[in-house]
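Have a look at the structure below, then the notes.
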Amino acid sequence: MNRRRGPGVTNCASTFYNPPVPMIQTLRFVLGDQLSRCLSSLRDLDPLRDVVLMVEVGDEATYVRHHKQKIAFVLAAMRGFAGALEKEGIRVDYVKLDDPANTHSFTGELKRAVARHRPARVVATEPGEYRVLEMMRAWADMNGLPVEMRDDDRFFCSRAEFAAWAKDRKSLRLEFFYREMRRKTGYLMQGDAPVGGAWNFDSENRKALPRGHRAPDRRRPAPAPELGAVLDLVAARFGDHFGDLEPFVWATTREGALAALREFVAERLHLFGDYQDAMKSGDDFVYHAAISPYLNAGLLTAREVCDAAVAAWRDGAAPLNAVEGFLRQILGWREFVRGIYWTRMPDYAATNHLGARRRLPEFYWTGATKMNCLRETIGATRRNAYAHHIQRLMVAGNFALLAGIAPAEIEKWYLIVYADAYEWVELPNVHGMVLHADGGVLGSKPYAASGAYIDRMSDYCKGCAFDRRKRTGEGACPFNFLYWNFLIENESKLARNPRLALPYRALAAIAPSEREALRAASTQFFASLAI
Ligand code: FAD
Ligand code: DLZ
Ligand code: SF4
Numbered sequence: 469m470n471r472r473r474g475p476g477v478t479n480c481a482s483t484f485y486n487p488p489v490p491m492i493q494t495l496r497f498v499l500g501d502q503l504s505r506c507l508s509s510l511r512d513l514d515p516l517r518d519v520v521l522m523v524e525v526g527d528e529a530t531y532v533r534h535h536k537q538k539i540a541f542v543l544a545a546m547r548g549f550a551g552a553l554e555k556e557g558i559r560v561d562y563v564k565l566d567d568p569a570n571t572h573s574f575t576g577e578l579k580r581a582v583a584r585h586r587p588a589r590v591v592a593t594e595p596g597e598y599r600v601l602e603m604m605r606a607w608a609d610m611n612g613l614p615v616e617m618r619d620d621d622r623f624f625c626s627r628a629e630f631a632a633w634a635k636d637r638k639s640l641r642l643e644f645f646y647r648e649m650r651r652k653t654g655y656l657m658q659g660d661a662p663v664g665g666a667w668n669f670d671s672e673n674r675k676a677l678p679r680g681h682r683a684p685d686r687r688r689p690a691p692a693p694e695l696g697a698v699l700d701l702v703a704a705r706f707g708d709h710f711g712d713l714e715p716f717v718w719a720t721t722r723e724g725a726l727a728a729l730r731e732f733v734a735e736r737l738h739l740f741g742d743y744q745d746a747m748k749s750g751d752d753f754v755y756h757a758a759i760s761p762y763l764n765a766g767l768l769t770a771r772e773v774c775d776a777a778v779a780a781w782r783d784g785a786a787p788l789n790a791v792e793g794f795l796r797q798i799l800g801w802r803e804f805v806r807g808i809y810w811t812r813m814p815d816y817a818a819t820n821h822l823g824a825r826r827r828l829p830e831f832y833w834t835g836a837t838k839m840n841c842l843r844e845t846i847g848a849t850r851r852n853a854y855a856h857h858i859q860r861l862m863v864a865g866n867f868a869l870l871a872g873i874a875p876a877e878i879e880k881w882y883l884i885v886y887a888d889a890y891e892w893v894e895l896p897n898v899h900g901m902v903l904h905a906d907g908g909v910l911g912s913k914p915y916a917a918s919g920a921y922i923d924r925m926s927d928y929c930k931g932c933a934f935d936r937r938k939r940t941g942e943g944a945c946p947f948n949f950l951y952w953n954f955l956i957e958n959e960s961k962l963a964r965n966p967r968l969a970l971p972y973r974a975l976a977a978i979a980p981s982e983r984e985a986l987r988a989a990s991t992q993f994f995a996s997l998a999i
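Take any residue in the sequence shown, note its place counting from 1, add 468, and you have its number in my numbering.
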């Protein structure tokens, strides 16, 4: 035990008082997506008696082979956060990836740290993934040491609160949950009523970008001091993972994340609502905030982001349709998908309502496809470890739905390729919103769409080898024949869904010979992709 001697023991006792350095009381284990100073496990931290443990482990970078920028983002943000704690006088035991003694697992590193510090207890905040929760449950009795697991209260809605809300409901719908959250937080409320007289301004929010219109360029954040070494480390160890490492496009510090939020609020929020569904060649961010990696890793809190948006509306800097639309994403969707994840796991991931079985086409990794919309989306994903919501939902996701890609295959892709992807948020979006693999737990219908939707909301079809007006025959847009093929293949499961009445009526009007042609075009297409 490393105790310094107290007063009266040394010969300079009259001039200096060296207080005894106490035993380590609490070891506080902070994960790579828990980089918030307000984290529950850091709340009662005593700098004199506690140590914060942070560990870079190979297992977290390779349990799925994450995009290189995602790994670099997490590691650089962890190093930056550890540095900020140390500046506050907090003792951080930080294990680097290239430490020769590193066991490369959370459990192994916690065991080693317990042996190093011999703390009286371990405190952690519950993790964001079921996989890690299972791991942590096994720590409950680590060498007889108490391990306290605290709620992650960085969300507006706790897991228990969501479970209570969901308990006796026949169906879980975002709209009703979101209204509860508006009432609870008071955001955009006037007494019991929504400001502006409506909960939702979606009908104003479906515009395509006017020809020649360009959103303001998103500025690339200044690199933090630790970034260079992290980029070298990632290039050396994970160079064969998906995606470009440089140019690296993310901030990795709280200051950088706050600057990105300020830039969004000042320059793009006012048109977020109008163009939230728009896509444009060569514009990877359009009017989106590009803050999800920061929110999910903890560099920004959901509350401060919502506060900033509402303040912009109050100041007259952004209109209601923009601010309500933005709030709905964070206060609504983000909390809603988390609630579904934690109330439904682990069974949720295993469902496959539509019986989708095909393999993921190779072009999801290479981007080598003649379908321009997919080439643009996958290209942006490779460049930035980011694609905006409509690219994820209506291009990459829509194709996977229409082509019947097996849920596990496409879910793994999403978890790998996006810097903001953690299973609590990725899985419900892919499994529920995109694939309808949960049979309607998260949404009442799949978002299936033909090439007409993509053409309406983007300029992609103009630069495409396929003809979005053709349903079959030479050069027909694959989204067209796959769309009808999807409706035919899933008729027994979907035709009675009232929200799909219109497309099924349209299908009924298609002549049997044309139906055959749509089926044949799809079969041939799948064969050409070998899936
Ligand atoms: P903006 O469009 O500017 O929205 C602002 C914020 O709202 C986002 O930062 C995010 O925190 C939140 N948000 C918006 N939509 C959703 C949503 N559907 N679910 C949860 N939060 C939302 N988001 C992730 O954070 N991680 C994921 O792994 C992820 N995977 C997705 C997979 C698919 C198939 C789909 C359709 C959506 C996915 N999303 C995911 C949701 C959404 O696409 C991203 O949050 C968004 O694109 C992030 O970019 P942004 O910060 O520019 O968002
Ligand atoms: C994503 C990620 C990566 C790549 N590396 C680490 C790491 O080395 N150490 C760490 O604490 N966290 C990392 N993470 C984030 C974790 O995967 C995430 O905290 C868990 O999945 C729980 O959500
Ligand atoms: Fe995509 Fe079809 Fe348009 Fe080509 S024509 S960009 S494949 S929707």
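Note that beta-carbon positions come from the ideal geometry of N, C-alpha and C, so glycine has one too. Keep in mind it's a predicted model, so treat the numbers as computed, not measured.
Q) Using the beta-carbon count (16 or more within 10 Å), is PRO614 buried or exposed? A) Sequence index remark: in the sequence shown, residue 614 carries index 146 (1-based). It is exposed - the Cβ of PRO614 has fewer than 16 other Cβ atoms within 10 Å.
Helix, strand or coil at PRO614 according to DSSP, with G and I counted as helix = As a first step, residue 614 is located in the sequence shown; it is residue number 146 there, counting from the start. PRO614: strand per DSSP, three-state reduction.
For the alpha helix (DSSP H) containing PRO762, name the first residue and the last one. Counted from its first residue, the sequence shown places residue 762 at position 294. It is Tyr, not Pro, that sits at residue 762 in the sequence shown. Its alpha helix (DSSP H) spans residues 760-765.
Note to self: Is ALA889 near the ligand MN - that is, is its Cβ less than 7 Å away from at least one heavy atom of it?
What the structure shows: No copy of the ligand MN occurs in the structure displayed; its ligands are the ligand FAD, the ligand DLZ and the ligand SF4 alone.
| query | To which residues does DSSP link PHE497 through a beta bridge? | reply | Taking the first residue of the sequence shown as 1, we reach residue 497 at position 29. PHE497 pairs with LEU521, ALA592.
Looking at LEU656 and GLU792, is the spacing between their C-beta atoms short of 8 Å?
In the sequence shown, residue 792 corresponds to position 324, counting from 1. In the sequence shown, residue 656 corresponds to position 188, counting from 1. Yes, Cβ-Cβ distance for GLU792 and LEU656 is below 8 Å.
As assigned by DSSP and simplified to three states, the class of ARG682
Within the sequence shown, numbered from 1, the residue matching residue 682 stands at position 214. Coil.
Open item on the list: Rounded to the nearest angstrom, what separates SER671 and LEU553 at their Cα positions?
Closed with: Reading the sequence shown from its first residue, position 203 is the one you call residue 671. Reading the sequence shown from its first residue, position 85 is the one you call residue 553. The alpha-carbon atoms of SER671 and LEU553 are separated by roughly 46 Å.
Subject >> Exposed unless 16 or more other CB atoms sit within 10 angstroms - verdict on ASP888 >> reply: In the sequence shown, the residue the question calls residue 888 occupies position 420. Flag for ASP888 reads buried.
Just the Cα atoms here: how many angstroms apart are ALA989 and GLY941?
Taking the first residue of the sequence shown as 1, we reach residue 989 at position 521. Taking the first residue of the sequence shown as 1, we reach residue 941 at position 473. If I take the Cα positions, the gap works out to 8 Å.
| request: Following the continuous alpha helix (DSSP H) through TYR921, name the residue where it begins and the one where it ends. | output: Reading the sequence shown from its first residue, position 453 is the one you call residue 921. Segment 919-925, the alpha helix (DSSP H) holding TYR921.
Limits of the unbroken beta strand (DSSP E) element including TYR562: Locating residue 562 in the sequence shown gives position 94, counting from the first residue. Per DSSP, TYR562 belongs to the beta strand (DSSP E) from 559-563.
With ARG585 as the anchor, note down where its alpha helix (DSSP H) starts and where it stops.
Here residue 585 is taken as the residue at index 117 of the sequence shown, counted from 1. First, the amino acid is wrong: residue 585 is His here, not Arg. Taken as a continuous stretch (DSSP letters only), the alpha helix (DSSP H) holding HIS585 covers 574-585.
The region 765-775 touching the region 692-702, judged by at least three CB pairs closer than 8 Å: no
Cα-Cα separation, PHE993 to TYR951
Translated into positions along the sequence shown, residue 993 becomes position 525. Translated into positions along the sequence shown, residue 951 becomes position 483. Straight-line Cα distance between these residues: approximately 13 Å.
Next item on the list: Mark PRO715 as exposed unless 16 or more other C-beta atoms lie within 10 angstroms of its C-beta, in which case mark it buried.
Entry: Looking up residue 715 in the sequence shown gives position 247. Label assigned to PRO715: exposed.
- Message: the ligand SF4 and CYS841: does the residue's C-beta get closer than 7 Å to at least one heavy atom of that ligand?
- Response: Here residue 841 refers to the residue found at position 373 when the sequence shown is read from its first residue. Under cutoff, so the answer is yes.
Alpha helix (DSSP H) segments (min. 4 residues) lying fully within the region 637-712: 642-653, 695-706
Q.
Between ALA529 and the ligand DLZ, is there a pair consisting of the residue's CB and a ligand heavy atom that are separated by less than 7 Å?
A. Numbered from its first residue, the sequence shown carries residue 529 at position 61. Result yes, Cβ under 7 Å from the ligand DLZ.
**Study point:** Pairwise C-alpha distance: GLY908 and ARG641
**Key:** The residue labelled residue 641 in the question sits at position 173 within the sequence shown. The residue labelled residue 908 in the question sits at position 440 within the sequence shown. Using only the alpha carbons, I get a separation of about 10 Å.
CA-to-CA distance, THR845 to VAL863, given in whole angstroms: Within the sequence shown, the letter at position 395 stands for residue 863. Within the sequence shown, the letter at position 377 stands for residue 845. Approximately 7 Å, taken between the alpha carbons.
inquiry  = Check this for me: beta carbons of ARG939 and ASN948, under 8 Å apart or not?
reply    = As a first step, residue 939 is located in the sequence shown; it is residue number 471 there, counting from the start. As a first step, residue 948 is located in the sequence shown; it is residue number 480 there, counting from the start. Their beta carbons are under 8 Å apart, which means ARG939 touches ASN948 by this criterion.
Practice item. With a threshold of 7 Å, establish whether the CB of PRO678 neighbours any heavy atom of the ligand SF4. Key: Reading the sequence shown from its first residue, position 210 is the one you call residue 678. False, no ligand heavy atom lies under 7 Å from that Cβ.
Who are ASP888's beta bridge partners in DSSP?
-> Looking up residue 888 in the sequence shown gives position 420. Looking at the DSSP assignment, ASP888 forms no beta bridge with any residue, so it has no partner.
Exercise for the section: Drop a sphere of 10 angstroms on the beta-carbon of THR721, count the other beta-carbons inside from all chains shown, and report buried for 16 or more, exposed for fewer. Expected result: Residue numbering aside, residue 721 sits at position 253 when the sequence shown is read from its first letter. Burial call: buried.
Tell me whether ASN866, by its Cβ, gets closer than 7 Å to a heavy atom of the ligand FAD.
Mapped onto the sequence shown, residue 866 falls at position 398. Not so, every heavy atom of the ligand FAD lies at least 7 Å from the Cβ.
Given that a residue counts as buried once 16 or more other Cβ atoms are within 10 Å of its Cβ, and exposed if not, what is MET469? Within the sequence shown, the letter at position 1 stands for residue 469. With a pLDDT of only 33 at MET469, under 50, the local geometry of the prediction cannot be trusted, and the value read off the model is given with reservation. With fewer than 16 other Cβ atoms within 10 Å, it is exposed.
Note to self: DSSP three-state label for ALA988, please.
What the structure shows: In the sequence shown, counting from the first residue as 1, residue 988 sits at position 520. Of the three classes helix, strand and coil, the one that applies to ALA988 here is helix, per DSSP.
Note to self: Could you check if ALA969 belongs to the surroundings of the ligand FAD, using beta carbon to heavy atom distance under 7 Å?
What the structure shows: Taking the sequence shown and counting its residues from 1, the one referred to as residue 969 is at position 501. Because no heavy atom of the ligand FAD lies under 7 Å away, the Cβ of ALA969 does not count as near it: no.
Q. Should PRO787 be labelled buried (16 or more other beta-carbon atoms within 10 Å of its own) or exposed?
A. Position 319 of the sequence shown, counted from the start, is the residue given in the question as residue 787. Flag for PRO787 reads buried.
From GLN744, ARG806, ALA545, LYS555, pick the residue whose C-alpha is nearest to that of ASP634; which is it? As a position in the sequence shown, residue 634 is number 166, starting the count at 1. Checking the displayed sequence, the identity of residue 634 turns out to be Ala instead of Asp. Nearest C-alpha to ALA634: ARG806.
Review point. Would you say the beta carbon of CYS932 comes nearer than 7 Å to a heavy atom of the ligand SF4?
Key: As a position in the sequence shown, residue 932 is number 464, starting the count at 1. It does: the Cβ of CYS932 is within 7 Å (strictly closer) of some heavy atom of the ligand SF4.
- Residues near PRO971 by beta carbon distance below 7 Å, same chain, minus five either side: Against the sequence shown, residue 971 aligns to sequence position 503. The answer, listed in chain order, is LEU955.
Shorter than 7 Å, the distance from the beta carbon of PHE691 to the closest heavy atom of the ligand SF4, or not? Working through the sequence shown from its first residue, we reach residue 691 at position 223. Here residue 691 is Pro; the residue named in the question, Phe, does not match the sequence. Incorrect: PRO691 has no Cβ contact closer than 7 Å to the ligand SF4.
Review point. If you draw a straight line from the C-alpha of ALA746 to the C-alpha of LEU516, how long is it?
Key: Against the sequence shown, residue 746 aligns to sequence position 278. Against the sequence shown, residue 516 aligns to sequence position 48. C-alpha separation (whole angstroms): 53 Å.
* Can you tell which of ASN820, TRP801, ARG599 has its C-alpha closest to the C-alpha of PHE644? -> For this step, residue 644 is matched to residue 176 along the sequence shown. Closest by alpha carbon: TRP801.
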